[in-house]
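Chemist: I'd like to ask you about the structure that follows.
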Amino acid sequence: MIARILTLAGGLAGAASLSQFPEFTQQYTQRLAGAVDELSRVVEDFDASARAEGLTRPEALSAMTGTPFVERRRIDMTRTLQRHAELRADLAALRGAGPFTRAYQMSHLDDSVIAKRAVEDFRPALPLTFEGITFAGVGLVLGALAMSLIANLVGMLLWPLRRRATTS
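Written out as structure tokens, the structure is:
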């Protein structure tokens, strides 16, 4: 009886958790798009400055030498350019994915700053969409299976102790 209750509780917890995935990934994608837009402005500004001096982006970065401050700005800009490229690739992958396909695109939900801010603003809600209900169903099954497995393992570990207690 306790195993069934735990299995049901695990299933319900899994359903409640996983049903939020479609909405969270949508909010993450919106935040990601905002970050890409802002970084695009910085990159475009840098490229425009480089073009005004007749330089390519790599040439402009190489020209940023001479003082510790300028060297530090070169390192910062290199990091910004790399982050922009990575986030743009993540955004392209997520925008091209539907709610179910985003589950396979989990590797593109890995920016900790964006994820943290998405979680801060995220408000769980009852999913009334097809994908939300589907994810809830998958969560119910996975949670129930996990709790059932745990209950069975605990039962197997305790079984020799119960047998000894009844024979004494």
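Count along the sequence shown starting at 1, add 1, and that's the number in the numbering used here.
Glycine included, each C-beta is placed from N, C-alpha and C at the ideal position.
Quick check on the burial criterion: 16 or more other C-beta atoms within 10 angstroms. Buried or exposed for residue 144?
Modeler: Buried is the call here.
Chemist: If you draw a straight line from the C-alpha of residue 4 to the C-alpha of residue 116, how long is it?
Modeler: If you take the alpha carbons of residue 4 and residue 116, they lie about 35 Å apart.
Chemist: Count the C-beta pairs between the segment 82-95 and the segment 36-43 that are closer than 8 Å, then say yes if the count reaches three, no if not.
Modeler: Counting Cβ pairs under 8 Å, three or more are found: they touch.
Chemist: For residue 120, does the count of other Cβ atoms within 10 angstroms reach 16, so buried, or fall short, so exposed?
Modeler: By the neighbour-count rule (16 or more Cβ atoms within 10 Å), residue 120 is not buried but exposed.
Chemist: Taking residue 110 and residue 29 to be in contact with their CB atoms under 8 Å, please state how far apart those CB atoms are, rounded to whole angstroms.
Modeler: About 6 Å separates the two Cβ atoms, so the contact holds.
Chemist: Quick one: any contact between the segment 58-71 and the segment 135-142, if contact means 3 or more CB pairs under 8 Å?
Modeler: Flag = no, the segment 58-71 and the segment 135-142 do not touch.
Chemist: Would you call the segment 18-36 in contact with the segment 88-106, where contact means no fewer than 3 C-beta pairs closer than 8 Å?
Modeler: Touching, yes.
Chemist: Under three-state DSSP, which class holds residue 21?
Modeler: It is coil, neither helix nor strand.
Chemist: If you run the structure through DSSP and keep just helix, strand and coil, what is residue 124?
Modeler: In this structure, residue 124 counts as coil in the three-state DSSP scheme.
Chemist: Any idea if residue 49 is buried or exposed, counting beta-carbon neighbours within 10 angstroms, 16 or more meaning buried?
Modeler: Per the 10 Å Cβ criterion, exposed.
Chemist: Measure the C-alpha to C-alpha separation of residue 81 and residue 2 and round it to an integer number of angstroms.
Modeler: One C-alpha to the other measures close to 57 Å.
Chemist: Since residue 93 is in the alpha helix (DSSP H), which residue starts that stretch and which ends it?
Modeler: 69-96 is the span of the alpha helix (DSSP H), which, as asked, contains residue 93.
Chemist: Could you compute how far the alpha carbon of residue 60 sits from the alpha carbon of residue 34?
Modeler: Rounded to whole angstroms, residue 60 to residue 34 spans 28 Å at the Cα level.
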